[in-house]
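Asks:
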Amino acid sequence: MASGIGRFAVATGEMSLADAIAAAREAEGLGYEAAYAGEAGLEADAFVVSAAALAATSRIRVGPGIANVVDRHPVALARGAASLDRLAPGRALLGLGRGDPAHARALGVAPATTEALEDALRICRPLLSGGGVDHPGRRWRARLAPAPARARAEAPVPLHLAAVGPRTLRLAGALADTALLNYASGPEYVAWAVALVREGAERAGRDPAAVDVAGYVLLARTDQEDSARQLEAARRTVGAVHAIPGEGELLAAPSGGSPAALTDAALARFAAVGDGDACRARLDEYRAAGLRSIVLLPRAMRALHGGAGGQWQGGGPPQTGA
1 MASGIGRFAV ATGEMSLADA IAAAREAEGL GYEAAYAGEA GLEADAFVVS AAALAATSRI
61 RVGPGIANVV DRHPVALARG AASLDRLAPG RALLGLGRGD PAHARALGVA PATTEALEDA
121 LRICRPLLSG GGVDHPGRRW RARLAPAPAR ARAEAPVPLH LAAVGPRTLR LAGALADTAL
181 LNYASGPEYV AWAVALVREG AERAGRDPAA VDVAGYVLLA RTDQEDSARQ LEAARRTVGA
241 VHAIPGEGEL LAAPSGGSPA ALTDAALARF AAVGDGDACR ARLDEYRAAG LRSIVLLPRA
301 MRALHGGAGG QWQGGGPPQT GA
């Protein structure tokens with residue numbers, strides 16, 4: 001995937017199917033490069049949302065962001081991604097991640113490990129390149145013959161790996177096309193994470209520049225009519241993510257640790273907070289730390305492109321990092 005300044009993507013999160021499609025269409029109209037389809041219990045399946053969004057758009061890349069490796073075998077994940085690619089050639093992506101450990105326990109299975117993620121990547125990669133696979137993994141196994149020539153895509157579907165800690169960040173550098181960083185972190189964490197992604201690529205004999213780094217960034221404008229709601233939504237998300245055992249500490253530590261109280265000043269350590277100019281300047285800091293693509297929730301996307309007081313301004317992505 002091409003690198004460059006000013007790249008943006010949208011994440012639909014736990015939205016209804018109709019709202020997710022609308023968000024993908026808005027993002028495409030704004031010049032965004034990708035839309036990550038989330039899942040919401042039994043209300044929205046990431047592959048169904050992705051298929052519907054691809055059918056409703058013409059340029060933007062769309063795919064699960066993320067599909068967990070707990071309740072789907074990697075072969076099923078690869079099949080879903082290949083189907084999306086057939087629907088919209090060259091526009092599908094596949095985002096993989098551990099998922100919520102509580103979800104795994106609810107299914108009566110062990111939470112996903114780094115080894116499970118590695119199995120998934122090593123199974124999906126050859127299958128999405130038209131090849132066969134013979135992988136005797138520790139969590140997932142697969143032995144399949146190559147796909148018929150007529151079923152092979154012209155270009156493999158890119159693999160995006162949600163990564164937080166050192167092992168998954170290095171794994172992303174070694175095996176994925178894009179490392180996808182989580183919310184509720186500051187530029188300091190991004191710089192730390194990017195270094196580990198590059199280290200993983202170098203250890204695997206890959207060019208570190210060939211591995212993209214995208215990251216979810218929270219944003220709250222303070223000069224719009226719904227500023228209080230934006231701030232509260234960002235505050236809730238930071239609090240929830242920082243409360244995840246193990247993960248929260250990793251995300252918060254490079255920026256001084258998770259504060260006892262999420263005041264506006266404390267929140268600004270883990271998000272883009274302020275008026276339009278301040279938010280754009282903060283996004284520049286995330287880019288300078290190594291994010292090639294900034295992923296926003298639909299609410300943040302609309303806030304970023306709105307003027308003071310909430311006036312929608314439209315146009316392409318904001319000119320950050322020029």
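Here the sequence shown is numbered in the working numbering, starting from 1 and rising by one per residue.
Here a beta-carbon is modelled for each residue, glycine too, at the ideal position from N, C-alpha and C.
(1) If you follow the beta strand (DSSP E) that glycine 248 is part of, which residue opens it and which one closes it?
(2) Within the same chain, show all residues whose beta-carbon is closer than 7 Å to that of proline 101, passing over the 5 residues directly before and after it, in chain order.
(3) Using 8 Å as the threshold, is the segment 201-215 in touch with the segment 250-262, meaning 3 or more CB pairs across them?
(4) So, at 7 Å on beta carbons, what are the nonlocal neighbours of alanine 53 in its own chain, with the 5 sequence-adjacent residues on each side left out?
(5) With DSSP as the reference, label phenylalanine 270 as helix, strand or coil.
(6) Which of helix, strand or coil does DSSP assign to alanine 162?
(7) So, under 8 Å CB-CB, valine 190 and leucine 218 are touching, yes? Tell me the CB distance rounded to an integer number of Å.
(8) Can the beta-carbon of alanine 278 be found closer than 9 Å to that of alanine 272?
(9) Locate the beta strand (DSSP E) running through leucine 94, then write down its first and last residues.
(10) If you follow the beta strand (DSSP E) that isoleucine 294 is in, where does it begin and where does it stop?
(11) Looking only at C-alpha atoms, which of Tyr183, Arg198 and Leu250 sits nearest to alanine 300?
(12) Let me make sure I understand the geometry here. Which of Pro146, Ala147 and Arg122 has the alpha-carbon closest to that of histidine 135?
(13) Exposed or buried, alanine 9, counting other C-beta atoms within 10 Å across all chains shown (16 or more means buried)?
(14) Is there contact here, the segment 287-307 with the segment 223-238, by at least three beta-carbon pairs under 8 Å?
(15) Evaluate leucine 96 with the Cβ neighbour count: other Cβ atoms within 10 Å of its Cβ, from every protein chain shown; 16 or more gives buried, anything less gives exposed.
(16) Going by the DSSP bridge assignment, what does valine 133 pair with across the sheet?
(17) Tell me the rounded alpha-carbon separation between alanine 253 and glycine 246.
(18) So, using beta-carbon positions, are valine 69 and alanine 120 closer together than 9 Å?
(19) Just mark serine 50 as buried or exposed, buried being the case when its beta carbon has 16 or more other beta carbons within 10 Å.
(20) Could you tell me if arginine 91 is buried or exposed, where buried requires 16 or more neighbouring beta carbons within 10 angstroms of its beta carbon?
(21) Could you give the first and the last residue of the continuous alpha helix (DSSP H) run that contains threonine 113?
(22) Taking the alpha-carbon positions, what's the serine 16 to alanine 44 distance?
(23) Just the C-alpha distance for glutamine 313 and leucine 283, rounded to the nearest angstrom, thanks.
(24) Buried or exposed: which applies to alanine 78, given that a residue is buried once 16 or more other Cβ atoms fall within 10 Å of its Cβ?
(25) Using a threshold of 9 Å, state whether the C-beta atoms of alanine 163 and valine 197 are closer than that.
(26) By how many angstroms is the C-alpha of alanine 281 removed from the C-alpha of valine 213?
(27) List the residues that DSSP assigns as beta-bridge partners of asparagine 346.
(28) For leucine 323 and alanine 67, I'd like the C-alpha separation in whole angstroms.
(29) Go ahead and pull the three-state DSSP assignment for glycine 256.
(30) Of all the CB atoms in chain B, is at least one closer than 9 Å to the CB of asparagine 68?
(31) Helix, strand or coil for tyrosine 32, going by three-state DSSP, please let me know.
(32) Can you find a heavy atom of the ligand PLP that lies under 8 Å from the Cβ of threonine 114?
(33) Going along the chain, which residues of its own chain have a beta-carbon closer than 6 Å to the beta-carbon of alanine 193, five neighbours each way excluded?
(34) Buried or exposed for alanine 104, going by 16 or more other Cβ atoms inside 10 Å?
Replies: This is what the structure holds:
(1) In this chain, glycine 248 is not harboured by any beta strand (DSSP E); it is covered by the alpha helix (DSSP H) spanning 247-252.
(2) Hits under 7 Å: Pro111.
(3) Taking 8 Å as the limit for Cβ pairs, the verdict is that the segment 250-262 does not touch the segment 201-215.
(4) Cβ within range, chain order: Ala20, Ile21, Ala24, Ala35, Ala37 and Val62.
(5) DSSP, reduced to helix, strand and coil, places phenylalanine 270 outside both helices and strands of the structure shown, so it counts as coil.
(6) Correct three-state label for alanine 162: strand.
(7) Not quite, the Cβ-Cβ distance comes to about 13 Å (not below 8 Å), so this is no contact.
(8) Yes, Cβ-Cβ distance for alanine 278 and alanine 272 is below 9 Å.
(9) Counting along the chain, the beta strand (DSSP E) containing leucine 94 begins and ends at 94-97.
(10) Isoleucine 294 -> beta strand (DSSP E) spans 293-296.
(11) Here the closest residue by C-alpha is Tyr183.
(12) Answer by Cα proximity: Arg122.
(13) With 16 or more other Cβ atoms within 10 Å, it is buried.
(14) Output reads yes: the segment 223-238 touches the segment 287-307.
(15) By the neighbour-count rule (16 or more Cβ atoms within 10 Å), leucine 96 is buried.
(16) Partner(s): Leu144.
(17) Their Cα atoms are separated by approximately 11 Å.
(18) Contact flag set, yes.
(19) Answer is buried; the Cβ neighbour count reaches 16.
(20) Taking all protein chains shown into account, arginine 91 has 16 or more neighbouring C-beta atoms within 10 Å of its C-beta and is therefore buried.
(21) Counting along the chain, no alpha helix (DSSP H) covers threonine 113, and no H or E run does either.
(22) Straight-line Cα distance between these residues: approximately 6 Å.
(23) Its pLDDT being 46, under 50, glutamine 313 is placed unreliably in this model, and the value from its coordinates should be taken loosely. Cα to Cα, glutamine 313 sits roughly 18 Å from leucine 283.
(24) The residue in question, alanine 78, is buried, as its Cβ has 16 or more Cβ neighbours within 10 Å.
(25) Yes, the Cβ-Cβ distance between alanine 163 and valine 197 is below 9 Å.
(26) Their backbone Cα atoms lie some 19 Å apart in a straight line.
(27) It is not possible to answer for residue 346, since the shown part of the chain is limited to 1 through 322.
(28) This structure does not reach residue 323, given that the chain is present from 1 up to 322, and the question cannot be answered.
(29) DSSP places glycine 256 in coil when its eight states are reduced to three.
(30) Absence of chain B from the displayed structure is noted, only one protein chain being present.
(31) Of the three classes helix, strand and coil, the one that applies to tyrosine 32 here is coil, per DSSP.
(32) As presented, the structure is devoid of all ligands, the ligand PLP included, so that no description of it is given.
(33) Leu169 and Leu181.
(34) Buried: at least 16 other Cβ atoms inside 10 Å.
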